[in-house]
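>
Number of protein chains: 2
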Amino acid sequence: MGIDIGERVAALDGERIDHRYKAVPPDADGLTFGELAAQRRNLFDGGFTTPVLVLSEEALDHNLGLLERYTAEHALAFAPHGKTSMAPQLFARQLAHGAWGITVAVPHQARVARAFGVRRIFLANEVVDAAALRWIGEQLDADPDFTFLCYVDSVRGVELMDTALRAAGIRRRLDVVLELGAGEGARTGVRTEAEGVAVAEAVARASALRLVGVAGYEGEVPDPDPERVRAWLRRLVALAAGFDRAGHFAGAAEIVISAGGSAWFDAVADVFAGIPELSSPVLKLLRSGAYVTHDDDHYRRITPFNRVPTEGSLRPALRLWAQVVSRPTPTQAFLNAGKRDAPYDLGLPRPLAVRSARDGSLRDPLDGFTVAQLSDQHTWLTLPAAEPLEVGDWVALGLSHPCTTFDKWPLIPVAREDGTATAFIHTFF
Amino acid sequence: MGIDIGERVAALDGERIDHRYKAVPPDADGLTFGELAAQRRNLFDGGFTTPVLVLSEEALDHNLGLLERYTAEHALAFAPHGKTSMAPQLFARQLAHGAWGITVAVPHQARVARAFGVRRIFLANEVVDAAALRWIGEQLDADPDFTFLCYVDSVRGVELMDTALRAAGIRRRLDVVLELGAGEGARTGVRTEAEGVAVAEAVARASALRLVGVAGYEGEVPDPDPERVRAWLRRLVALAAGFDRAGHFAGAAEIVISAGGSAWFDAVADVFAGIPELSSPVLKLLRSGAYVTHDDDHYRRITPFNRVPTEGSLRPALRLWAQVVSRPTPTQAFLNAGKRDAPYDLGLPRPLAVRSARDGSLRDPLDGFTVAQLSDQHTWLTLPAAEPLEVGDWVALGLSHPCTTFDKWPLIPVAREDGTATAFIHTFF
Numbered sequence: 001m002g003i004d005i006g007e008r009v010a011a012l013d014g015e016r017i018d019h020r021y022k023a024v025p026p027d028a029d030g031l032t033f034g035e036l037a038a039q040r041r042n043l044f045d046g047g048f049t050t051p052v053l054v055l056s057e058e059a060l061d062h063n064l065g066l067l068e069r070y071t072a073e074h075a076l077a078f079a080p081h082g083k084t085s086m087a088p089q090l091f092a093r094q095l096a097h098g099a100w101g102i103t104v105a106v107p108h109q110a111r112v113a114r115a116f117g118v119r120r121i122f123l124a125n126e127v128v129d130a131a132a133l134r135w136i137g138e139q140l141d142a143d144p145d146f147t148f149l150c151y152v153d154s155v156r157g158v159e160l161m162d163t164a165l166r167a168a169g170i171r172r173r174l175d176v177v178l179e180l181g182a183g184e185g186a187r188t189g190v191r192t193e194a195e196g197v198a199v200a201e202a203v204a205r206a207s208a209l210r211l212v213g214v215a216g217y218e219g220e221v222p223d224p225d226p227e228r229v230r231a232w233l234r235r236l237v238a239l240a241a242g243f244d245r246a247g248h249f250a251g252a253a254e255i256v257i258s259a260g261g262s263a264w265f266d267a268v269a270d271v272f273a274g275i276p277e278l279s280s281p282v283l284k285l286l287r288s289g290a291y292v293t294h295d296d297d298h299y300r301r302i303t304p305f306n307r308v309p310t311e312g313s314l315r316p317a318l319r320l321w322a323q324v325v326s327r328p329t330p331t332q333a334f335l336n337a338g339k340r341d342a343p344y345d346l347g348l349p350r351p352l353a354v355r356s357a358r359d360g361s362l363r364d365p366l367d368g369f370t371v372a373q374l375s376d377q378h379t380w381l382t383l384p385a386a387e388p389l390e391v392g393d394w395v396a397l398g399l400s401h402p403c404t405t406f407d408k409w410p411l412i413p414v415a416r417e418d419g420t421a422t423a424f425i426h427t428f429f
Numbered sequence: 001m002g003i004d005i006g007e008r009v010a011a012l013d014g015e016r017i018d019h020r021y022k023a024v025p026p027d028a029d030g031l032t033f034g035e036l037a038a039q040r041r042n043l044f045d046g047g048f049t050t051p052v053l054v055l056s057e058e059a060l061d062h063n064l065g066l067l068e069r070y071t072a073e074h075a076l077a078f079a080p081h082g083k084t085s086m087a088p089q090l091f092a093r094q095l096a097h098g099a100w101g102i103t104v105a106v107p108h109q110a111r112v113a114r115a116f117g118v119r120r121i122f123l124a125n126e127v128v129d130a131a132a133l134r135w136i137g138e139q140l141d142a143d144p145d146f147t148f149l150c151y152v153d154s155v156r157g158v159e160l161m162d163t164a165l166r167a168a169g170i171r172r173r174l175d176v177v178l179e180l181g182a183g184e185g186a187r188t189g190v191r192t193e194a195e196g197v198a199v200a201e202a203v204a205r206a207s208a209l210r211l212v213g214v215a216g217y218e219g220e221v222p223d224p225d226p227e228r229v230r231a232w233l234r235r236l237v238a239l240a241a242g243f244d245r246a247g248h249f250a251g252a253a254e255i256v257i258s259a260g261g262s263a264w265f266d267a268v269a270d271v272f273a274g275i276p277e278l279s280s281p282v283l284k285l286l287r288s289g290a291y292v293t294h295d296d297d298h299y300r301r302i303t304p305f306n307r308v309p310t311e312g313s314l315r316p317a318l319r320l321w322a323q324v325v326s327r328p329t330p331t332q333a334f335l336n337a338g339k340r341d342a343p344y345d346l347g348l349p350r351p352l353a354v355r356s357a358r359d360g361s362l363r364d365p366l367d368g369f370t371v372a373q374l375s376d377q378h379t380w381l382t383l384p385a386a387e388p389l390e391v392g393d394w395v396a397l398g399l400s401h402p403c404t405t406f407d408k409w410p411l412i413p414v415a416r417e418d419g420t421a422t423a424f425i426h427t428f429f
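Chains as they are written, first to last, in UniProt numbering: chain Z, 1 to 429; chain L, 1 to 429.
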């Protein structure tokens, strides 16, 4: 199963370098990414232009290995959320590290995953778009080995899906899971078990659909704490057990129970360990995505490994290097990275280190440096007046929120600790 | 001059459709964009998937024409800021509408512009990146018709630039303009005329550089109002006049004075009309970018046409159509567009209209609809409990800030008022 995707992502190394890829050395124009990787250029003096986002080879390897072990030890199937990176090369690494499949949020992301040969896709949303449903159905009919699941949370949605799939002449049934909302005021998903039953009954009436499980997202539990999150997860499990007893999963060879972002997978592991025996084998599916690169702020604060440090710890794998283009006053400096390059929705970047343009020396930590704001193309840095930071120096920025970092970079060099660029990761947003 | 870029952007219509382009009809896979455009599909039932960002053909035409007339009437040269759209097809339209050249913010954007044959580029930043300077210098040496300007605002920056260009063996001098900061606490640029003189003297010592003017960005004037902005613009003009008298522009065949975002071009027009005669002809260069699509919130509030309505008015040209995927409670609905699709830095999207999935009917305005928040892939909509909005309906969202809209869409359909998709615009971020 890994072979197809391996071949298809390898083809990305054959893409030719041109103006489409920011930060890639201009003098590498016309080379393939594979050829550039083989040159083993250094990030700092190999012709890369600033700003440049870098993925740490060591941290990435570590994080991939850690969640592989974690999910195996907790007997969880794993469909890492692909929306985080939208990088098929990382999907391939995740699958090679034992992942069951890839989660996506919208049909376009499923198209990208399918284009690279992903065989199992969990789409964590209801899909009521007729054109997208036709495409999904055609994929199912064309490939008996393709597994696809998505949410349902309304009778109206079920009716639209059924109508669209039947109109498109799709032969295979579309597998759906009922989404349970995480609480009052939370995001999508039915609010009550009674609503869930009504949706399940609508699915039973829909000849194009088949109900195979339940799912939700504990990350949206209001005022989350370990007890509230576990309470909701137990409710999700009880819903599955009740549906099973009522025969709502009669058509399913396997019953899917899925939850799990990157903030509460310890609670998911605990509660899913207590899932009772059901009428068919249960696929306990975790969907964490941000773990793959972790971060220096938001996920650093909320990672479950803060609660279970004996089970490991993730490493921040993304660093944004930007260059000082102005220091107009002693306490202000401006970097050439902005909203186009760095995430700003869950906290601003954090200056971590300076690389001197004079001698290449590195210094950290940076006391008294803060990012005051981001413009479209500038970072506003506040710093101590006595700081020797100069125009031309490079500044490493720690970032908050992988999802809104990846989507700003069509191409991300992977580099080793010493700066050697060993691979190039393409993203598709 | 328009011919080259016209040919090169026309080649984009030959690109083949595949998974790289969200919202584009899945059943158009394998067609070229030119072939898809020729099919004249309708946005609403032509197989486009949601969410889909749409550029209004009529509003775009209007805005392009309005700034062409405005700059001509005020005798301003125009280098619209390309960082807004990073869409060479729009650059070509802007040049065809009389623009002198294209402004960019960083060297990568200049690479994109050059790849499509833009002959005059104004880079509104200091560039101290040696790899980028080498590329710029090679472009200059390879094409005597290529005009390139960028900022200088520090002696250290001038020294780094000179060193890098000389090390790269560049023969043509790089034209630079001194950046004047917009005030205390403002962004880049020298704070005082004395600092400006020191930088000008450093340029005079640098054999690889030539000082040809002054520039700045009045959008960063602290607590801006018409009087403060005009005062700063007069200071910029006085700086140019003083530099001219002092012989700092001795090597320039043309003296460049540049300012102007999308909030104060009326003030720029006023003050630049009073630029005195200098020792060489003066290029009065305006750089507004956001005008090309305008918006429904931020720029709608701050556009100069609010002060000078007799000179015209811009039209919002971007609309994001998203689909209702859940309505879990009477006062909540969720759309399938999120931070990946809509800007959120200068205000959240505004629901403008609903297109019924039942009969295609359109209704607006939407009383009592607000966007409460955006998740990565969801819009949280709050609405009146009695609202008939259903799962499957499409909602049109007005947006705030073109720059952070374009950068979320590699491909944007252009559609007429009736929904006919007539062209496809590629962006390069």
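For glycine and all other residues, C-beta sits at the position ideal for the given N, C-alpha and C.
Quick one: what's got a C-beta closer than 6 Å to residue 59 (chain Z)'s C-beta in the same chain, skipping five residues either side?
Excluding residues within five positions, the ones whose Cβ falls inside 6 Å are 315, 317.
> Under 7 Å Cβ to Cβ from residue 196 (chain Z), same chain only, skipping five residues before and after it: list those, please.
Excluding sequence neighbours, residue 196 (chain Z) sits near 178, 180, 190, 239.
> Any beta carbon of chain L sitting closer than 8 Å to that of residue 491 (chain Z)?
An answer regarding residue 491 (chain Z) cannot be provided, because it is not within the stretch 1 to 429 covered by chain Z.
> So that I know if they touch, is there some Cβ in chain Z lying closer than 8 Å to that of residue 89 (chain L)?
No, its Cβ sits nowhere closer than 8 Å to a Cβ of chain Z.
> Quick one: is residue 1 (chain L) near chain Z, going by C-beta distance under 8 Å?
Residue placement at residue 1 (chain L) is flagged as unreliable, the pLDDT there being 42, under the threshold of 50; the coordinate-derived value follows with that caveat. Cβ-Cβ to chain Z under 8 Å: no for residue 1 (chain L).
> By how many angstroms is the C-alpha of residue 236 (chain Z) removed from the C-alpha of residue 420 (chain Z)?
In a straight line, the C-alpha of residue 420 (chain Z) is about 46 Å away from that of residue 236 (chain Z).
> Across which residues does DSSP place residue 179 (chain L) in a beta bridge pair?
In the DSSP output, where bridge partners are listed per residue, residue 179 (chain L) has L:215.
> For residue 450 (chain Z), which residues from the same chain have a beta carbon less than 7 Å from its beta carbon, with the 5 sequence-adjacent residues on both sides left out?
Summary: the structure shown does not reach residue 450 (chain Z), with chain Z confined to residues 1 through 429, and so no result is reported for it.
> Quick one: Cα of residue 119 (chain L) to Cα of residue 16 (chain Z), how far?
Looking at the two C-alpha atoms, the distance is approximately 24 Å.
> Under three-state DSSP, which class holds residue 89 (chain Z)?
If DSSP states are grouped into helix, strand and coil, residue 89 (chain Z) belongs with the helices.
> What are the boundary residues of the beta strand (DSSP E) that residue 146 (chain L) is part of?
Neither: residue 146 (chain L) is in no beta strand (DSSP E) and is coded neither H nor E.
> Identify the continuous beta strand (DSSP E) that holds residue 107 (chain Z) and give its terminal residues.
Per DSSP, residue 107 (chain Z) belongs to no beta strand (DSSP E); it is in the alpha helix (DSSP H), 107 to 115.
> For the alpha helix (DSSP H) that contains residue 157 (chain L), what are its first and last residues?
Run containing residue 157 (chain L): 155 to 167, per the alpha helix (DSSP H) assignment.
> Tell me the rounded alpha-carbon separation between residue 50 (chain L) and residue 249 (chain L).
Cα-Cα distance, rounded: 54 Å.
> So which residues of chain Z does residue 378 (chain L) contact, with C-beta pairs closer than 9 Å?
Here the neighbours are 105, 125, 187, 188.
> For residue 323 (chain L), which three-state DSSP category applies?
Strand, per DSSP.
> Quick one: give me the first and last residue of the alpha helix (DSSP H) that residue 294 (chain Z) is part of.
Note, residue 294 (chain Z): premise wrong, no alpha helix (DSSP H); not H, not E.
> Count the other CB atoms, across all protein chains shown, that sit within 10 Å of the CB of residue 358 (chain Z); report buried if there are 16 or more and exposed otherwise.
Flag for residue 358 (chain Z) reads exposed.
> Report yes if the CB atom of residue 323 (chain Z) is closer than 8 Å to the CB atom of residue 306 (chain Z), and no otherwise.
No, they are not a contact pair.
> Who are the near neighbours of residue 66 (chain L) in its chain, counting only those whose CB is closer than 6 Å to its CB and skipping five residues on each side?
Closer than 6 Å at the Cβ level, and outside the excluded window around residue 66 (chain L), lie 312.
> Just curious, the alpha helix (DSSP H) that residue 68 (chain Z) is in, first and last residue?
Run containing residue 68 (chain Z): 57 to 73, per the alpha helix (DSSP H) assignment.
> Would DSSP call residue 257 (chain L) helix, strand or coil?
Strand, per DSSP.
> What is the C-beta distance between residue 233 (chain Z) and residue 265 (chain Z), in whole angstroms, given that I count them as a contact (C-beta under 8 Å)?
Actually they do not touch by this definition, with Cβ atoms about 11 Å apart.
> For residue 249 (chain L), which of helix, strand or coil comes out of DSSP?
Residue 249 (chain L): coil per DSSP, three-state reduction.
> Compute the Euclidean distance between the alpha carbons of residue 95 (chain Z) and residue 101 (chain Z), then round it to the nearest angstrom.
Computed Cα separation, rounded: 7 Å.
> Reducing DSSP to helix, strand and coil, say where residue 138 (chain L) ends up.
It is helical.
> When burial is assigned at 16 or more other CB atoms within 10 Å of the CB, is residue 1 (chain L) buried or exposed?
For residue 1 (chain L), the predicted model reports a pLDDT of 42, less than 50, meaning its position is unreliable and no value from the coordinates is stated.
> I'd like to know if the region 376 to 393 of chain L and the region 275 to 282 of chain L are in contact, where contact means that at least 3 CB-CB pairs between them fall below 8 Å.
Verdict: no, contact absent.
> Identify whether residue 1 (chain Z) lies in helix, strand or coil by the three-state DSSP scheme.
With a pLDDT of 42 at residue 1 (chain Z), under the threshold of 50, the modelled position of that residue is not reliable, and the figure given next carries that caveat. Three-state DSSP puts residue 1 (chain Z) in coil, outside helix and strand.
> Using the Cα positions of residue 367 (chain Z) and residue 222 (chain L), report the straight-line distance between them to the nearest angstrom.
Each residue's Cα considered, the two are about 28 Å apart.
> Could you work out which residues of chain Z lie near residue 48 (chain L), taking near to mean beta carbons separated by less than 7 Å?
Those are 131, listed as they occur along chain Z.
> Considering Cα atoms alone, identify which of L:407, L:372, L:109, L:291 is closest to residue 185 (chain Z).
Closest by alpha carbon: L:372.
> If the cut-off is 7 Å on Cβ atoms, which residues from the region 151 to 170 of chain Z count as contacting chain L, listed in chain order?
Listed by position, the residues of the region 151 to 170 of chain Z near chain L (Cβ gap below 7 Å) are 153, 154, 156, 157, 160.
> Tell me the DSSP secondary structure of residue 185 (chain Z) in three-state form.
Residue 185 (chain Z) falls in the coil class under three-state DSSP.
> Hey, does residue 357 (chain Z) have any beta-carbon neighbour from chain L nearer than 8 Å?
So, interface residue.
> Interface residues of chain Z around residue 191 (chain L) at Cβ under 8 Å?
Result: 328, 329.
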